[in-house]
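A.B. asks: Here it is, the structure, as structure tokens.
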Amino acid sequence: MLGTTASSLSPGGYNSVGTESAHADGLLRKFRGDDPGLVLRVRSEDSVDSARARSDGAALARRVAAQPGVAAVEAYWTSRSPALRANDGRSALIGVALEGDEAAQARAASRLVPRVTGRQGALRVSAGGRVWAGIQAAEQGERDLVRAELVVAPVIFGCLVFAFGSLLAALFPLLVGALAVAGSWAFLRLLGGVTEVSAISLNIAATLGFGLAVDYALLVVTRFREEGARGLAVPDAAVRAARTAGRSVLVSAGVVALAFSALWVFPFPWLRSMAVAGIAVVLLAATATVVLVPALLAMLGSRIRHRRAASSPAWRRLVRWVTGSPWLWGACCAVLMAALVWPFGQAQWGFTDERALPAGSQARQFTERLRTDFPAQPDRDLIVVLTPVPGDREIDQYARRISALPDVVQVTAPTGRYHDRRRTAVVEAVSDSTTAVWLKASTGLDPQSAEAARLVERVRELPPPGPRWVGGSPARHVDAKAALAGRVPWAVLLMSATTLAALLLYTRSVLIPLKAVALAALSLTASLGSMVYIFQEGHLRWLVGDFTTTGFLDMTIPPLLCAIAFALSLDYEVFLLARVKEHYDAGGDHRDAIVEGVARTGRLITVAAVVFAVSMAGLASSGITTLKMMGVGLGVAVLVDATLVRGILVPAFMQLTGRANWWAPAWVRRPATQEAHAPQHGRDTVAESSAEAPAAH
């Protein structure tokens, strides 16, 4: 099932939509332009200009052009472009433009590359380019996923056996996790048939679905065992667990789904596919938990009951210390959190490239060889699309001005090839369309460099001979950065507003939702700080595994990481707050309610966080740096939230704010009932309790 699902997904999805470069790419596809997503490096035993190399090279170019899915081919032997000839004269390039979107291009490249690489007459051919690098990254991710699940699942099972003291009880969360993963794979396969879905979503959805499902099942099973310890019969304990912990699971799943929905505002297909996949996987995990686990408990619960309460003495002692001196503990914890957040101030941003692949991967070695051996690379060209087609004189003058810009090696236009304002050669027309024409500016710049960004700006500032759109790899990076930065405020607003509204209705409090969102933001900022310290600055390789330091973080990772970490933080907040409010409404004073709530949930949240962190370790062990960043970032966020935030900051804050925690305007409060003030140890949800709380003692 994994193989068939992966084959239906796209290795791309990282280009922004709705931007100038995206429009240029669309025009190129429409008019069969030559933006090469696949590059072939052809090596000759002697010179690529020898008679035999010229003959075999031209034949290879014709053979590639005849393959299905190929839109256009530019080879050194047909174009005679010096940018396609290696500095040593023994290698040359063939740029291959592929038809369709990124998924279609990946399928075409998968068919084409095995047919044309290896020994071809007197030539030896290897493949690279962004499409082939994406394919290799997807294949590496699939291998990493299989390996990680084989290692992580037994470790998680061991953690659950240790936590429950029962093999049968430990199997319930694993069963729900397996169902959630299988369901997410099936959903992604169906979704991949109707829209572009990033292949990396397979890894993230699998690990996220497994981690959330285990957490949810852990909550229900723990509540069932607690109710059994209080003397309820097995069926009654299962029903009570479904009513209380099950409702918390549904609320938690709703919060996670709302957090994922904020990803839809970003104009990147892979983030939007993760929004849909994330919502689907969390709903699958929650549904499997509330439907399957209570039924299993009703049938087999007598074998996993225990007579010991779930309260943790260690957490009880800690929270008594914290609530006894909340200013001291809160200040010390704030200093520690500030140290974790500090590196985030030095964050630099970019996008994933071939350096995210393992050092020994073929696509990465190919790209590194191109950087050193060739004056320019076809997949790094700037491409300017002009429509409608201007006159030859206007095109000639425009091409001369572009060729005079710094860092431009040469410009290829329908009117010729240009260097430093001079026309150096007459070339075959680069377009057979009477509607659009394009010019190609070859450059040896790293498309993510500041020099490349300045070149894009200079080209866009030149007066064009009519409507024009600038595309190509450097322009994609410039537009993607601008598009991502412009949508961040909207995503933050949407995520905050929806979760605040959900928590307001759930808690019937104004202060607690604000506190929950603020502390969740603090946790994820600490996680981002750790990512800067590790992946941008290159520390702790011995702990997380080897990777290549690029000096920046992938800009598309923080939105996804923040959505997941934010939702998980609010998950744990719901679990903790439900117990605090339960005991507060039962008549205990404010401090005792905080202590009892943390003591009752501390062990559960700790185990859930450890299980989720172990699940994220599967991502952290990946050979792809992007997945490694996600695993490390989420693992840090969850562990920090489950320890420093839940164990110290939340109790200290709630102790200092007292009754203000439970204040809400009249339109939010529910009418108080006598039942709300009676001791009801079975409650596990704030929504069931009254907003009218007794005064703190």
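When you read off a place in the sequence shown, starting at 1, and then add 141, the result is the number in this note's numbering. Cβ coordinates follow ideal geometry from the N, Cα and C atoms, glycine included. Here the structure is a predicted model, which is why all the values come from computation and not from measurement.
1) Roughly how far, in whole angstroms, is the beta-carbon of I420 from the beta-carbon of F401, given that I think they are within contact range, below 8 angstroms?
2) Given a threshold of 16 other Cβ atoms within 10 Å of its Cβ, counted over all protein chains shown, does G486 qualify as buried or as exposed?
3) When the Cα atoms are used, what is the spatial distance from G352 to M757?
4) Note down, one range per segment and in chain order, each alpha helix (DSSP H) of at least 4 residues found wholly within the segment 490-560.
5) Count Cβ pairs between the segment 686-701 and the segment 659-677 that sit closer than 8 angstroms; are there 3 or more?
6) Can you name the start and end residues of the beta strand (DSSP E) that S232 belongs to?
7) Can the beta-carbon of P484 be found less than 8 angstroms from the beta-carbon of G686?
8) Using a Cβ-Cβ cut-off of 7 angstroms (strictly less than) and excluding sequence neighbours within five positions of R204, which residues of its own chain qualify?
9) Strictly under 8 angstroms for the Cβ-Cβ distance: is L780 near chain C by that measure?
10) Using only the alpha-carbon positions, how far apart do R628 and D730 sit?
11) With a 10 Å radius around its C-beta and 16 neighbouring C-beta atoms as the bar for buried, classify A436 as buried or exposed.
12) Under a three-way DSSP split, which group does A304 fall into?
13) In whole angstroms, what is the alpha-carbon distance linking T160 and L169?
14) DSSP on T565, reduced to helix/strand/coil?
15) Quick one: what's got a C-beta closer than 7 angstroms to S251's C-beta in the same chain, skipping five residues either side?
16) Does DSSP put G178 in a helix, a strand or coil?
17) Is R184 helix, strand or coil when you go by DSSP?
18) Measuring alpha carbon to alpha carbon, tell me which of I345, R388, R288 ends up nearest A427.
19) Determine the contact status of L441 and L309, defining contact as a CB-CB distance below 8 angstroms.
20) Check whether the segment 258-277 touches the segment 234-250, counting contact only when three or more Cβ pairs, one atom from each stretch, lie closer than 8 angstroms.
21) For A194, does the count of other Cβ atoms within 10 angstroms reach 16, so buried, or fall short, so exposed?
22) To the nearest whole angstrom, what separates the beta carbons of V180 and D520, a pair I think is in contact under 8 angstroms?
23) According to DSSP, what are the bridge partners of R388?
24) According to the Cβ coordinates, are G612 and I524 closer than 8 angstroms?
25) If you draw a straight line from the C-alpha of C474 to the C-alpha of R510, how long is it?
26) Can you check whether the CB of A418 is closer than 8 angstroms to the CB of L286?
27) Please name the residue in T464, A268, T556, R562 whose C-alpha comes closest to that of G178.
28) Between the C-alpha atoms of A817 and F303, what's the straight-line distance to the nearest angstrom?
29) Could you tell me whether the segment 210-221 touches the segment 235-243, using the rule of 3 or more Cβ pairs below 8 angstroms?
30) Would you tell me roughly how many angstroms separate the C-alpha atoms of E215 and D514, rounded to the nearest one?
31) What does a CB cutoff of less than 8 angstroms around G557 pick up in its chain, not counting 5 residues either side in sequence?
32) Under the three-state reduction of DSSP, which class applies to A807: helix, strand or coil?
33) What is the DSSP secondary structure of S831, counted as helix, strand or coil?
34) Which residue marks the beginning of the beta strand (DSSP E) containing W610, and which one marks its end?
35) Tell me the DSSP secondary structure of A817 in three-state form.
36) Below 8 angstroms, how does it come out for the segment 630-637 and the segment 778-791: are there three or more Cβ pairs, yes or no?
C.D. replies: Inspection of the coordinates gives the following:
1) 5 angstroms
2) Counting every other CB atom within 10 Å of its CB across the protein chains shown gives G486 a total below 16, marking it as exposed.
3) 8 angstroms
4) 503-514, 533-544
5) yes
6) 232-239
7) Going by C-beta atoms, P484 is not nearer than 8 angstroms to G686.
8) V257
9) The chain labelled as chain C is not found in the depicted structure, where only one protein chain is given.
10) 45 angstroms
11) exposed
12) helix
13) 14 angstroms
14) strand
15) If the five residues before and after S251 are omitted, its C-beta is found closer than 7 angstroms to the C-beta atoms of I276, all from its own chain and listed in chain order.
16) coil
17) strand
18) R388
19) yes
20) yes
21) buried
22) 6 angstroms
23) Per DSSP, none; premise fails for R388.
24) By the CB criterion at 8 angstroms, G612 and I524 fall inside the cutoff.
25) 49 angstroms
26) no
27) A268
28) Because the pLDDT at A817 is just 37, under 50, the model does not fix this residue reliably, and the point stays unresolved.
29) yes
30) 18 angstroms
31) D537, A540, R564, T565, A566, V567, V568
32) coil
33) Any reading at S831 must be qualified, since the residue scores a pLDDT of 34, below 50, and its modelled position is unreliable; no value is offered.
34) 609-613
35) Low confidence applies to A817: its pLDDT is 37, below 50, so where it sits in the model is not reliable, and the reading given next is rough at best. Three-state result, A817: helix.
36) no
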